[in-house]
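Asks: These protein sequences, in sequence, are chains A and B. Residue numbering for the first sequence follows my numbering, beginning at 227 and increasing consecutively. Residue numbering for the second sequence follows my numbering, beginning at 227 and increasing consecutively. Just so it is clear, CB atoms sit at the ideal spot from N, CA and C, and this is done for glycine as well.
Protein chains: 2
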Amino acid sequence: MRLTTKGRYAVTAMLDLAFHSQIKPVTLTDIAARQTISLSYLEQLFARLRRAGMVKGVRGPGGGYKLCRNTNEINIADIISAVDESLDSTKCRGEANCQKDQACLTHALWMGLSEQIRNYLENISLADLLEKNQVQDVAKRQHYEVHQAIEVHRHSE
Amino acid sequence: MRLTTKGRYAVTAMLDLAFHSQIKPVTLTDIAARQTISLSYLEQLFARLRRAGMVKGVRGPGGGYKLCRNTNEINIADIISAVDESLDSTKCRGEANCQKDQACLTHALWMGLSEQIRNYLENISLADLLEKNQVQDVAKRQHYEVHQAIEVHRHSE
DNA sequence: ACTTAACCTAGTAAAATAGTCAACTATTAG
DNA sequence: CTAATAGTTGACTATTTTACTAGGTTAAGT
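#1: Note down the Cα distance separating residue 244 of chain A from residue 354 of chain A, rounded to an integer number of angstroms.
#2: Residue 344 of chain B CB to nearest chain A CB: under 8 Å?
#3: Can you find a CB in chain B that lies within less than 8 Å of the CB of residue 229 of chain A?
#4: If you measure between the beta carbons of residue 292 of chain A and residue 351 of chain A, is that distance less than 8 Å?
#5: Assuming residue 228 of chain A and residue 230 of chain B form a contact by the criterion Cβ under 8 Å, report the distance between their Cβ atoms to the nearest whole angstrom.
#6: Does DSSP put residue 266 of chain A in a helix, a strand or coil?
#7: Bridge partners of residue 282 of chain B, per DSSP?
#8: Are the CB atoms of residue 235 of chain A and residue 263 of chain A within a distance shorter than 8 Å?
#9: What did DSSP end up calling residue 247 of chain A once you bin it into helix, strand or coil?
#10: Nearest by alpha-carbon distance to residue 301 of chain A: which of A:288, A:279, A:289 is it?
#11: For residue 305 of chain B, which residues from the same chain have a beta carbon less than 6 Å from its beta carbon, with the 5 sequence-adjacent residues on both sides left out?
#12: Look at residue 250 of chain B and residue 288 of chain B and say whether their C-beta atoms are less than 8 Å apart.
#13: Quickly, what does DSSP pair residue 252 of chain A with across the bridge? List them, please.
#14: Which same chain residues, not among the five before or five after residue 269 of chain B, have their C-beta less than 7 Å away from its C-beta?
#15: Mind checking whether residue 274 of chain A and residue 309 of chain A have CB atoms under 8 Å apart?
#16: State buried or exposed for residue 265 of chain A, treating a residue as buried only when at least 16 other CB atoms are found within 10 Å of its CB.
#17: Classify residue 281 of chain B: buried if its beta carbon has 16 or more other beta carbons within 10 angstroms, exposed otherwise.
#18: Going straight from the alpha carbon of residue 277 of chain A to that of residue 307 of chain A, what length do you get?
#19: Helix, strand or coil for residue 298 of chain B per DSSP?
#20: What residues match up with residue 229 of chain A in a beta bridge as DSSP calls it?
#21: Which residues mark the beginning and the end of the alpha helix (DSSP H) in which residue 357 of chain B is found?
#22: With a 10 Å radius around its C-beta and 16 neighbouring C-beta atoms as the bar for buried, classify residue 260 of chain A as buried or exposed.
#23: Return yes when the Cβ of residue 297 of chain B is within less than 8 Å of the Cβ of residue 356 of chain B, no when it is not.
#24: Please go through the same chain and pick out, in chain order, the residues whose beta-carbon is closer than 7 Å to the beta-carbon of residue 272 of chain B, but skip the five residues on each side of it.
#25: For residue 267 of chain A, which residues of its own chain have a beta-carbon under 8 Å away from its beta-carbon, when the five flanking residues on both sides are left out?
#26: Once you ignore the five residues that flank residue 303 of chain B on each side, which residues in its own chain have a CB closer than 6 Å to its CB?
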């Protein structure tokens, strides 16, 4: 389990999606504007999230992305590992032969540690994060801001 | 709090050091050989660890590095943040103005999450890791291996 | 003096991150 | 049907970080 900015982008985008897609699909353009992440980078991230079966793309006008599961069924660990490619965290993926065909210190240590962090993040769902008031307030503010900043003719709630 | 290979290298090296420096200082050359990390990269990492006051270098023959504190007083979070430079995890270090002078979603979310992970890793000390039998066994094996592989005339315990 | 090993600096190759550009396909509104 | 929307894909670029190399200087022990 690695924790990088890439994973943070993915979690942030998913949180934005979870908040705004309750009525209709959300376009990556909107998420990009609200979270100041480049559209093309979001496309890369969402391509992985889609392949991981976490989001579904809806094409055509009024389309966008929506979640495949409920917010309480999507956890942070899944999001991060979906975009992080889970690159061999110890050079010898599970084979324990990174060092002269033997288990290395890294293995004994980091595998366990990594697993504990994963368990921890698995127990935090998107729903948990959405419940936090602070997040909701910020998201609401950003939501209206985008509506003011960019001309939006469609779905004026 | 970021979790990358760099941090893992640092933790691994510190664990190696904690295990082997109980009698006398440990040279980076030895750690490099045991953990298959390049010597110069270790030097970089230990320069940071030294500046963070976690290790102390002893120059001259018989020198090397030793821990400044007890193994139960050094936690994983400290090691990682010592080498990871704690690069602004949200683009607006604590100022919460990353996006149009307002708190962004990233802030509300990741700051809290990051803090929780930090708290978690803060409660794991080097001593905790050393107590695990598996780690000790591997370390012991590597210890003797190096003595066989490389000609070591000094400090044959 | 000579060796050892920390300490320091600069550079560099490879990888990951972040983003761009352009073409294409599916869907839907008109 | 046609045009607009928006996802999908791939190839390509720039920046940053990671990991490592090469060369030195400094301090301490023999």
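Replies: Inspection of the coordinates gives the following:
#1: Each residue's Cα considered, the two are about 11 Å apart.
#2: Look at residue 344 of chain B: its C-beta is not under 8 Å from any C-beta on chain A.
#3: Chain B, which has a Cβ nearer than 8 Å to the Cβ of residue 229 of chain A, makes this yes.
#4: Between residue 292 of chain A and residue 351 of chain A, the C-beta spacing is not below 8 Å.
#5: Confirmed, Cβ separation roughly 6 Å.
#6: Three-state result, residue 266 of chain A: helix.
#7: Looking at the DSSP output, residue 282 of chain B shares a beta bridge with B:292.
#8: For residue 263 of chain A and residue 235 of chain A, yes; Cβs fall inside 8 Å.
#9: Of the three classes helix, strand and coil, the one that applies to residue 247 of chain A here is coil, per DSSP.
#10: Looking at the Cα atoms, A:279 is the closest of the given residues.
#11: Within the same chain, residue 305 of chain B has close Cβ partners 236, 237, 240.
#12: Yes, these two residues count as a Cβ contact at 8 Å.
#13: DSSP, once it has assigned bridges, lists A:291 as partnering residue 252 of chain A.
#14: So the qualifying residues of the chain are 254.
#15: Their beta carbons are under 8 Å apart, which means residue 274 of chain A touches residue 309 of chain A by this criterion.
#16: Classification of residue 265 of chain A: exposed, given that the 10 Å Cβ count is below 16.
#17: When all chains shown are included, residue 281 of chain B counts as buried.
#18: Distance between the alpha carbons of residue 277 of chain A and residue 307 of chain A: 12 Å.
#19: Under the three-state reduction of DSSP, residue 298 of chain B is assigned to helix.
#20: In DSSP, residue 229 of chain A forms a bridge with B:229.
#21: In this chain, the alpha helix (DSSP H) harbouring residue 357 of chain B covers 352-357.
#22: Using a 10 angstroms sphere on the CB of residue 260 of chain A, the tally of other CB atoms reaches 16 or more, which defines it as buried.
#23: A contact, by the Cβ cut-off of 8 Å.
#24: These residues qualify, in order along the chain: 254, 281, 291.
#25: The beta carbon of residue 267 of chain A lies closer than 8 Å to those of 235 in the same chain, with the five residues before and after it left out.
#26: Excluding residues up to 5 positions away in sequence, 344, 347, 348 lie with their Cβ nearer than 6 Å to the Cβ of residue 303 of chain B in the same chain.
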